Amino acid sequence: SGIAVGMATNIPPHNLVEVVDAAIHVIEEPECSIDDLLQIVKGPDFPTHGIIQGRNGIVSAYKTGRGIIRVRGRAEIETMEKGDRERIVIRELPFQVNKARLVEKIAELVRDKKLEGISDLRDESDRDGIRVVVELKKGTMGQVVLNTLYKNTQLQDTFGVILLALVNQQPRVLNLKEFLRYFVLFRKEVVTLRTEYDLKKAREKEHVLEGLKIALDNLDEVVKLIRNAQDPVSAREGLMSTFALSEVQAKAILEMRLQRLTGLERQKIVDELEEIRKKIEEYIYILANEEVKLKIIREELIEIKTKYSEKRRTEIAETDEGDLLIEDLIADEDTVVVYTRSGYIKRHSVDNYRAQRRGGKGIRGMDLKEEDVVEKLFIASTLSHLLVFTSLGKVHWLRVFAIPDASRIAKGKSIANLLNLQPGETIASILSVREFEEDKFVMVATERGIVKKTSLMAYSKPRQGGVIGLTIDDGDRLIGAELCDGESDILLATAKGFSIRFSEKEARPIGRTGRGVRGIRLKAEDLVVGAEIVHPGNMLLTVTSNGYGKRTQLEEYPVQGRGGLGVMTIRCNEKIGTVVGIQQVTESDELLVITSDGNIVRMKVNEISVIGRNTQGVRLVGTGESNQVVSVEKLVE
9 SGIAVGMATN
19 IPPHNLVEVV
29 DAAIHVIEEP
39 ECSIDDLLQI
49 VKGPDFPTHG
59 IIQGRNGIVS
69 AYKTGRGIIR
79 VRGRAEIETM
89 EKGDRERIVI
99 RELPFQVNKA
109 RLVEKIAELV
119 RDKKLEGISD
129 LRDESDRDGI
139 RVVVELKKGT
149 MGQVVLNTLY
159 KNTQLQDTFG
169 VILLALVNQQ
179 PRVLNLKEFL
189 RYFVLFRKEV
199 VTLRTEYDLK
209 KAREKEHVLE
219 GLKIALDNLD
229 EVVKLIRNAQ
239 DPVSAREGLM
249 STFALSEVQA
259 KAILEMRLQR
269 LTGLERQKIV
279 DELEEIRKKI
289 EEYIYILANE
299 EVKLKIIREE
309 LIEIKTKYSE
319 KRRTEIAETD
329 EGDLLIEDLI
339 ADEDTVVVYT
349 RSGYIKRHSV
359 DNYRAQRRGG
369 KGIRGMDLKE
379 EDVVEKLFIA
389 STLSHLLVFT
399 SLGKVHWLRV
409 FAIPDASRIA
419 KGKSIANLLN
429 LQPGETIASI
439 LSVREFEEDK
449 FVMVATERGI
459 VKKTSLMAYS
469 KPRQGGVIGL
479 TIDDGDRLIG
489 AELCDGESDI
499 LLATAKGFSI
509 RFSEKEARPI
519 GRTGRGVRGI
529 RLKAEDLVVG
539 AEIVHPGNML
549 LTVTSNGYGK
559 RTQLEEYPVQ
569 GRGGLGVMTI
579 RCNEKIGTVV
589 GIQQVTESDE
599 LLVITSDGNI
609 VRMKVNEISV
619 IGRNTQGVRL
629 VGTGESNQVV
639 SVEKLVE
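Just so we're aligned: 309 in our numbering is position 301 of the sequence shown, and the numbers increase by one with no gaps anywhere.
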């Protein structure tokens, strides 16, 4: 950065690898666009790490030469040892932010009562890095305090980018492509001047070597002339007149050591002359060929990148809901999303679960408190949208890549830190959507047997506080949401082992705020536990709380009218327990069965027996008195 003649420039540091790759791209594709370069140069890369909030400021800076970039320090909310309080741990600061001044500012906010809920503030930084700890009082929400720190301290700061440079001695504000283009032109000028200098020196050396070669070719005459000369001046003049040499050549001959008169040294001079002439040809070729100059620049840039490359330090986070450019930086891959009854959510690789035979005890899927259980587990693309249906009938938006990527046994992060939930509002169902399409619908079902079909597009415009998804009766709650195309059948299953299959056309589309219609008539104390959109050719898997399950051909479920009692899908009793979930499966599918103690069993569907509706099934997983199956999810690879 700098100020001169009333004009300021403020260029942030960047990642060497990205800048070199962009410069090479400009060399190879001179007609490339700034959007092309934005795929290579992700944004500034500060030595102090930090997190850039959104890409709008970056795009503005690279396209216009000016932009405001908002940078946050990295802070994590941790649960303290006793489990009843939280603390904020600051590990990274924005660029050029002084740590001591930040701590002083936090203390000032606490002292002035502009920041409440803090019980202790200390700096635990050491040679391993920054660690500023803000301990919170019991009952204080860490995310609220952290948001206050972002707003009122330099834990969130801005960097005003001004890409101003001198071009032909004139100050100009440049965009990213212009900056790179002028850099390449500068490097071309450097290569040209350097090559011209090398050519000049090579020709001077060639001139000297030619003189030495003439002397060696006429050695006896040269020696005789020098011996007969009265002084060095007359010797030099004699050499110049006798052999048509320049003063430089004659001087070099007189300064030549006698050992160079040997046969070996003479050959070295001849070889050196031949080599220098080749270099002269090379230098002339470079100066005459623009493509060769660009090739040299490219090779030198690659050499610099190889020698000094470092990984990006500054993360670029997605915060602007209208800015989707960050998707270009996210790998499109399947991930396991896990949500617990206590409201913790995380994602991790599907490779963390190995396939086991039915009856296995499984591997630990999360580190849970005694009162917590895994409530929802599903597979989604990192680029998918999650429609989060809540107990209040609202629908919130969440991007899969915004969910923390944690280890298999980690607890995850409270979903309250990711969504704007009201007090008492809990998560009822989560639906993964890749694209919002006009001809798609969302079919939702409630515990009391109500179903509702709504256009998927009705959920495509999220709001900060969520939107109304459906109107729920008192005492009822949502138990499932599925995508459908308007032409399929719907299958509902109850805890006591009953099910009904009816045409989707019997449920006309209703707006987001509508109540829905009756899907199944329930017997006393029975509840709906599963809802599926029927896909022909699949089988229906039914799993019970005591670890029993079976596969049944979908053809055994007759299409009936909506609102009836349905037919039996599994014979429930004290031994097998009640139905906890259903899934449509094929022979090649695998399952993840979750138990209340946090264990997850992965098994192959083709190992589960195919039997009729009116049966109790076979044991799938081992359970105990205090451990029951709570959920089942299909894993497709």
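Note that beta-carbon positions come from the ideal geometry of N, C-alpha and C, so glycine has one too.
This one's a predicted model, so the numbers in the text were calculated from it and none came from an experiment.
Problem - Contained beta strand (DSSP E) runs [length at least 3] in the segment 116–199, N- to C-terminal order - result: Counting only unbroken stretches of 3 or more residues, the beta strand (DSSP E) elements lying wholly within the segment 116–199 are 126–131, 140–144, 164–170, 172–175, 178–181, in sequence order.
Exercise for the section: Provide the residue span of the alpha helix (DSSP H) that contains N607, from first to last. Expected result: Position 599 of the sequence shown, counting from 1, holds the residue named residue 607. Following the DSSP letters along the chain, one finds N607 in no alpha helix (DSSP H) but inside the beta strand (DSSP E) bounded by residues 607–612.
Problem - Reference Q472; option with closest CA among L426, T479, A503 - result: Sequence index remark: in the sequence shown, residue 472 carries index 464 (1-based). Ranking the options by Cα distance to Q472, first place goes to L426.
Exercise for the section: Classify E446 as helix, strand or coil using the three-state DSSP reduction. Expected result: Position 438 of the sequence shown, counted from the start, is the residue given in the question as residue 446. In the structure shown, E446 sits in coil (DSSP, three-state: anything other than H, G, I, E or B).
Practice task
With a cut-off of 8 Å on the beta carbons, I'd call V140 and V169 a contact; round off their distance for me.
Solution key: By 1-based counting over the sequence shown, the position of residue 140 is 132. By 1-based counting over the sequence shown, the position of residue 169 is 161. The Cβ separation is near 27 Å, so there is no contact.
Problem - Counterpart residues of Y352 in DSSP-defined beta bridges - result: If you number the sequence shown from 1, residue 352 lands on position 344. Paired residue(s): S422.
Practice task
Hey, could you find the ends of the beta strand (DSSP E) L499 is sitting in?
Solution key: Position 491 of the sequence shown, counting from 1, holds the residue named residue 499. For L499, the enclosing beta strand (DSSP E) begins and ends at 497–502.
Handout entry: Beta-carbon proximity of V587 to M547, cut-off 8 Å
Key = Taking the sequence shown and counting its residues from 1, one reaches residue 587 at position 579. Taking the sequence shown and counting its residues from 1, one reaches residue 547 at position 539. Inclusion of V587 and M547 in the CB contact set at 8 Å is not warranted, their separation being larger than that value.
Handout entry: Cβ pair count under 8 Å reaching 3, the segment 89–104 against the segment 172–186
Key = With a cut-off of 8 Å, the segment 172–186 and the segment 89–104 do not count as touching, because too few Cβ pairs lie within range.
Handout entry: Cα-Cα separation, R202 to V105
Key = Along the sequence shown, one-based indexing puts residue 202 at 194. Along the sequence shown, one-based indexing puts residue 105 at 97. V105 has its alpha-carbon roughly 41 Å from the corresponding atom of R202.
Problem - Residue burial classification, D534 (beta-carbon count within 10 angstroms, cutoff 16) - result: Mapped onto the sequence shown, residue 534 falls at position 526. So D534 ends up on the buried side.
Handout entry: Neighbourhood of P412 by C-beta distance below 6 Å, restricted to the same chain and skipping five residues each side
Key = Indexing the sequence shown from 1 puts residue 412 at position 404. K354, K421, listed in sequence order.
Handout entry: Selection from I508, D165, I498, N176 that minimises the alpha carbon distance to I541
Key = Along the sequence shown, one-based indexing puts residue 541 at 533. The candidate whose alpha carbon is nearest that of I541 is I498.
Problem - Delimiting residues of the alpha helix (DSSP H) encompassing E298 - result: One-based indexing of the sequence shown puts residue 298 at position 290. Counting along the chain, the alpha helix (DSSP H) containing E298 begins and ends at 298–316.
Practice task
Could you tell me if G625 is buried or exposed, where buried requires 16 or more neighbouring beta carbons within 10 angstroms of its beta carbon?
Solution key: Within the sequence shown, the letter at position 617 stands for residue 625. A residue is called buried when at least 16 other Cβ atoms come within 10 angstroms of its Cβ; G625 meets this threshold and is buried.
Exercise for the section: Spatial neighbours of H57 within its chain, please: CB distance less than 7 Å, with the 5 preceding and 5 following residues excluded, ordered by chain position. Expected result: As a first step, residue 57 must be located in the sequence shown, where it is residue number 49. Around H57: R82, E100, R321, T322.
Problem - Segment limits, beta strand (DSSP E) that includes V551 - result: Within the sequence shown, residue 551 is the residue found at index 543, counting from 1. 547–552 is the span of the beta strand (DSSP E), which, as asked, contains V551.
Problem - L157 versus A410, A418, L123, V181, residue with shortest Cα-Cα distance - result: For this step, residue 157 is matched to residue 149 along the sequence shown. It is L123 whose Cα lies nearest to the Cα of L157.
Exercise for the section: Consult DSSP for G632 and reduce its assignment to one of helix, strand or coil. Expected result: Along the sequence shown, read from residue 1 onward, the residue named residue 632 stands at position 624. If DSSP states are grouped into helix, strand and coil, G632 belongs with the strands.
Exercise for the section: Specify the secondary structure class of Q460 as computed by DSSP and reduced to three states. Expected result: Locating residue 460 in the sequence shown gives position 452, counting from the first residue. Here residue 460 turns out to be Lys, not Gln, going by the sequence shown. Strand.
Exercise for the section: Since I believe I480 is in contact with T454 (beta carbons under 8 Å), could you give me their beta-carbon distance rounded to a whole number of angstroms? Expected result: As a working note, residue 454 is residue 446 in the sequence shown. As a working note, residue 480 is residue 472 in the sequence shown. Right, the Cβ-Cβ distance comes to about 6 Å (below 8 Å), so this counts as a contact.
Problem - Reference E214, options Q257, G557, I48, closest by Cα - result: Along the sequence shown, one-based indexing puts residue 214 at 206. Taking only the C-alpha atoms, the option nearest E214 is Q257.
Practice task
Check I528 in the structure and name its three-state DSSP category.
Solution key: The residue you call residue 528 lines up with position 520 of the sequence shown. DSSP places I528 in coil when its eight states are reduced to three.
Exercise for the section: Could you tell me whether the Cβ atoms of E641 and N614 are closer together than 8 Å? Expected result: Reading the sequence shown from its first residue, position 633 is the one you call residue 641. Reading the sequence shown from its first residue, position 606 is the one you call residue 614. No, the pair does not count as a contact, with Cβ atoms beyond the cut-off.
Practice task
Drop a sphere of 10 angstroms on the beta-carbon of M88, count the other beta-carbons inside from all chains shown, and report buried for 16 or more, exposed for fewer.
Solution key: Sequence index remark: in the sequence shown, residue 88 carries index 80 (1-based). Result: exposed.
Handout entry: Top-ranked residue by Cα proximity to F103, from E84, L163, D128
Key = Locating residue 103 in the sequence shown gives position 95, where the first residue counts as 1. Of the candidates E84, L163, D128, the one whose C-alpha sits nearest the C-alpha of F103 is L163.
Handout entry: T623 beta carbon near the ligand NAD (any heavy atom closer than 7 Å)
Key = Because no ligand of any kind appears in the structure shown, any question about the ligand NAD cannot be addressed here.
Practice task
Assign R660 to one of three DSSP states: helix, strand, or coil.
Solution key: Lying outside 9 to 645, the shown extent of the chain, residue 660 is not represented and no answer is given.
Exercise for the section: Starting from the C-beta of L207, find all residues in its chain whose C-beta is less than 6 Å away, skip the five residues before and the five after it, and write them out in chain order. Expected result: Along the sequence shown, read from residue 1 onward, the residue named residue 207 stands at position 199. Here the set comprises Y291.
Handout entry: Straight-line Cα distance separating S634 from F409
Key = By one-based count along the sequence shown, residue 409 stands at place 401. By one-based count along the sequence shown, residue 634 stands at place 626. A direct Cα-to-Cα measurement between F409 and S634 gives close to 35 Å.
Practice task
Excluding the 5 residues preceding and the 5 following T35 in the sequence, name in chain order all residues of the same chain whose CB lies nearer than 7 Å to its CB.
Solution key: Here residue 35 is taken as the residue at index 27 of the sequence shown, counted from 1. The question names Thr, but residue 35 is Ile in the sequence shown. The beta carbon of I35 sits closer than 7 Å to those of V192, L302, I305, R306, all from its chain and outside the five residues before and after it, given in chain order.
Handout entry: Residue nearest to L46 in terms of C-alpha spacing, selected from D120, F510, K583, H22
Key = On the sequence shown, residue 46 is found 38 positions in, with the first residue counted as 1. Residue H22 is the option with its Cα nearest to L46.
Problem - N- and C-terminal bounds of the alpha helix (DSSP H) containing E326 - result: Start at 1 with the first residue of the sequence shown, and residue 326 comes out as number 318. If you look at E326, you'll find it isn't in any alpha helix (DSSP H); DSSP assigns it neither H nor E.
Exercise for the section: Go ahead and pull the three-state DSSP assignment for L600. Expected result: Here residue 600 corresponds to residue number 592 of the sequence shown, with the count starting at 1. In the structure shown, L600 sits in a strand (DSSP, three-state: E or B).
Practice task
Report yes if the CB atom of V638 is closer than 8 Å to the CB atom of G555, and no otherwise.
Solution key: Taking the first residue of the sequence shown as position 1, residue 638 is located at position 630. Taking the first residue of the sequence shown as position 1, residue 555 is located at position 547. Between V638 and G555, the CB-CB gap reaches or exceeds 8 Å.
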